[in-house]
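If you're matching positions, the sequence shown starts at 1406 in the numbering used here and goes up one per residue.
Working notes for the structure below.
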Amino acid sequence: MFRMFMIAIALTLLPTAVSAAPPQHAAATTAPANEVVRYQLKEWKAKHIHDAKKADTIAKTLKKLGCEVKTDQHNGHMDVKYRCPEWHELKLNSHDDAHKWEKWLKEFHFTTEHKH
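Right, here's the structure in full:
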């Protein structure tokens, strides 16, 4: 349940994070993004997911982050294979958002760096 909640948060924040644009409701009052989370995953990793919708959500999130993604359905589950051999970065508007993204990336075995 917690993991699904974190995925939902990630998808909510992803368009803001990837584009580095502040949320529309706070555009006039938010300072420029000053939190940066860098991430990399050189080797292929895989998640075995039994919920097709969840697998699709994770695959889409990883693609938006610039990762290579392969999916394969077999034996009643989906394998989501992914890697990100080059360093990428997310520019975020808050320290809390940066920590949430860093935690999510680490759960997926990424190497991360968080800079202010």
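We put the CB at the ideal spot given by N, CA and C, even for glycine.
A straight-line Cα-Cα distance of about 8 Å links Leu1510 and Tyr1444.
For Leu1497, the enclosing beta strand (DSSP E) covers residues 1482-1497.
By the Cβ criterion, the segment 1438-1457 is in contact with the segment 1486-1493, since at least three pairs of Cβ atoms, one from each stretch, lie closer than 8 Å.
Per DSSP, the continuous beta strand (DSSP E) segment holding His1479 begins and ends at 1473-1479.
Lys1452 is bridged by DSSP to Val1485. Residue nearest to Ser1499 within the set Thr1466, Tyr1487, Asp1461, Lys1520 is Lys1520 (criterion: CA-CA distance). Distance from the CA of Val1485 to the CA of Asp1456, rounded to the nearest whole angstrom, comes to 11 Å. The bridge partners DSSP lists for Glu1440 are Leu1497.
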